[in-house]
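**Q**
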Amino acid sequence: MQFKYHVAFNKFCHIISFMFCHVISFIFCFTYLIFLRTSEYFGIPSPPEVTCTAMMIMVLKMVGLAYEVNIHALKLASTDESDKLKEIYSRINPSFFDIFQYSFCYAGILVGPYYKYRTYDDTFHKPYSSSVPHTSFLKKRILVVPLYSCLYLLCDYFFPLSLASSSEIWEYPFLYRVFYVWPWFFSFRMRIYVAFVLGECICINLGLGAYPEKCATQPGGGPTNLSALQEIEKDPKSFKIITYNFETIRCMNEIASEFKPTIREGIRYWNMTVQYWLAMYIYRKTAASKPIKMVVTMFVSAIWHGVRPGYYLSLLGTPLLLISEIEVEKAFRKHASEIQQKIYDFVWYFVKMQSVSYMDLDSEHTSMLE
Numbered sequence: 001m002q003f004k005y006h007v008a009f010n011k012f013c014h015i016i017s018f019m020f021c022h023v024i025s026f027i028f029c030f031t032y033l034i035f036l037r038t039s040e041y042f043g044i045p046s047p048p049e050v051t052c053t054a055m056m057i058m059v060l061k062m063v064g065l066a067y068e069v070n071i072h073a074l075k076l077a078s079t080d081e082s083d084k085l086k087e088i089y090s091r092i093n094p095s096f097f098d099i100f101q102y103s104f105c106y107a108g109i110l111v112g113p114y115y116k117y118r119t120y121d122d123t124f125h126k127p128y129s130s131s132v133p134h135t136s137f138l139k140k141r142i143l144v145v146p147l148y149s150c151l152y153l154l155c156d157y158f159f160p161l162s163l164a165s166s167s168e169i170w171e172y173p174f175l176y177r178v179f180y181v182w183p184w185f186f187s188f189r190m191r192i193y194v195a196f197v198l199g200e201c202i203c204i205n206l207g208l209g210a211y212p213e214k215c216a217t218q219p220g221g222g223p224t225n226l227s228a229l230q231e232i233e234k235d236p237k238s239f240k241i242i243t244y245n246f247e248t249i250r251c252m253n254e255i256a257s258e259f260k261p262t263i264r265e266g267i268r269y270w271n272m273t274v275q276y277w278l279a280m281y282i283y284r285k286t287a288a289s290k291p292i293k294m295v296v297t298m299f300v301s302a303i304w305h306g307v308r309p310g311y312y313l314s315l316l317g318t319p320l321l322l323i324s325e326i327e328v329e330k331a332f333r334k335h336a337s338e339i340q341q342k343i344y345d346f347v348w349y350f351v352k353m354q355s356v357s358y359m360d361l362d363s364e365h366t367s368m369l370e
């Protein structure tokens, strides 16, 4: 009888650990990240910037892994037949050393992308992994790096951010000062593109994040068409002839982010793997109305980015911009003619670029002042 109680108690603790591990991981990881960035206030020297950058990615990985364990436990307990296939492809059982290797994996440790533990595990255990022609993908993706690098260097030379924080800026005409953020923000975007594309290239070179194209992969999330993936895995002869992609580890869709006319579309295609993490583990898990969910999501994003006031000023202003954009679109674009819609898109693209330029300047300028 005592043995039965002991087994039942262990089973209860096991279930409880699955049910709450994501909450505990979230609280611990973000508390430690905040402490790391404010350590100088406690008499502890601030760690190097590279340490904080690596810690940002590790926080996403560890919290995301805990959510993966929690989600798999819920799928395992579900009686819904549609969840059975999802349970199979979300099944993970990492050991301590597996978690250690995943968290410190060199692919994405500094600039991203974020990828799930399941994606990391698939790299070494999927039967088609050795058939992926990752070299051709690597060559294609890295081609844009010289272009972005040159554009960044040119723009940074002619429009340095240091001018914005100096007294010399007041010697220039008013309109020059207003639109100075455009070339500077362009320079910032090129720098980010270089970093993220190189981060993607490291993953591609490792073969991390490769899945058959039929699986409809999602940046950060992996395959969404699991039945297609299951069929492919049952046919080893098709491994060398099917088409693959690395969308799972794609951080940026530069063309869409640059030229889509709305703020929400620009955000959607910017740092897509982190957007997935925020959408899946913060936005969808917050039981509230859409405006509140957006505020909570952006607040978590601000904490993740840092403790400087500029992050909170810029990111917490995003929900207001998104809500305003939706209402303006309903009022002016929804029932407009095709020509009027094109005029609206052109005008709103200007509003979008001006808004996000100033929002980003908040965080970068605060960083420079410190």
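Its first residue numbered 1, the sequence shown is counted upward by one per residue in full-length UniProt numbering. Glycine included, C-beta positions come from ideal geometry on N, C-alpha and C.
1. What would DSSP say about TYR283, mapped onto helix, strand or coil?
2. Would ALA107 pass as a contact of ILE192 if the rule is Cβ separation under 8 Å?
3. Just verifying my parser: in three-state terms, what is the DSSP assignment at GLY64?
4. MET190 to MET19, Cα distance in whole Å?
5. Does PHE3 pass the burial test, meaning 16 or more other C-beta atoms within 10 Å, or should it be called exposed?
6. Mind pulling the alpha helix (DSSP H) runs of 4 or more residues that sit fully within the segment 138-187?
7. In angstroms, rounded to a whole number, what distance separates the CA positions of HIS125 and ARG118?
8. Taking the beta carbon of CYS29 as the centre, do at least 16 other beta carbons fall within 10 Å, making it buried, or is it exposed?
9. Determine the DSSP secondary structure at residue 373, reduced to helix, strand or coil.
10. Comparing C-alpha positions only, which one of MET280, LEU161, ASP345 and PHE100 sits nearest to ARG333?
11. Okay, do the segment 177-188 and the segment 235-243 touch, 3+ Cβ pairs below 8 Å being the bar?
12. Of the choices THR262, THR297, SER289 and PHE104, whose alpha-carbon is the least far from that of ALA279?
13. VAL197: which of TYR102, VAL111, VAL274 and LYS352 sits nearest, CA to CA?
14. Tell me the rounded alpha-carbon separation between HIS22 and ALA66.
15. Quick one: give me the first and last residue of the alpha helix (DSSP H) that PHE96 is part of.
16. What residue does the alpha helix (DSSP H) around ASP235 start on, and which one ends it?
17. When we look at the beta-carbon of THR224 and count the other beta-carbons within 10 Å, is it buried (16 or more) or exposed?
18. For MET55 and LEU33, which I take to be in contact (beta-carbon distance under 8 Å), what is that distance rounded to the nearest angstrom?
19. Take GLU247 as the anchor and find which of ASN271, SER227, ILE241 and ILE267 has the nearest alpha-carbon.
20. Would the beta-carbon of ARG250 fall within 8 Å of that of GLU213?
21. Can you tell me whether LEU175 sits near the ligand NAD, meaning its C-beta is under 7 Å from at least one heavy atom of the ligand?
22. Per DSSP, which one or two residues make a beta bridge with GLN218?
23. Less than 6 Å between C-beta atoms, sequence neighbours within five positions excluded: which residues of the same chain meet that for ALA228?
24. Where does TYR211 fall in DSSP's three states?
25. Do the CB positions of GLY317 and MET353 come within less than 8 Å of each other?
26. For SER136 versus VAL194, is the C-beta spacing smaller than 8 Å?
27. Assign ASN70 to one of three DSSP states: helix, strand, or coil.
28. Measuring alpha carbon to alpha carbon, tell me which residue in SER355, ILE282 and SER90 is nearest SER324.
29. For TYR89, which of helix, strand or coil comes out of DSSP?
30. Is the number of C-beta pairs between the segment 277-292 and the segment 57-74 that are closer than 8 Å three or more?
31. Under a three-way DSSP split, which group does TYR106 fall into?
**A** For this structure:
1. helix
2. no
3. helix
4. 42 Å
5. Residue confidence is low: PHE3 scores 41 on pLDDT, short of 50, so the model does not pin down where it sits. No coordinate-derived value is stated.
6. 144-158 and 174-179
7. 10 Å
8. buried
9. There is simply no residue 373 to check, as the chain begins at 1 and stops at 370 in what is shown.
10. ASP345
11. no
12. THR297
13. VAL111
14. 5 Å
15. 96-103
16. Note, ASP235: premise wrong, no alpha helix (DSSP H); not H, not E.
17. exposed
18. 6 Å
19. ASN271
20. no
21. With respect to the ligand NAD, the structure offers nothing, as it holds no ligand at all.
22. GLY222
23. LYS214 and CYS215
24. strand
25. no
26. no
27. helix
28. SER355
29. helix
30. yes
31. coil
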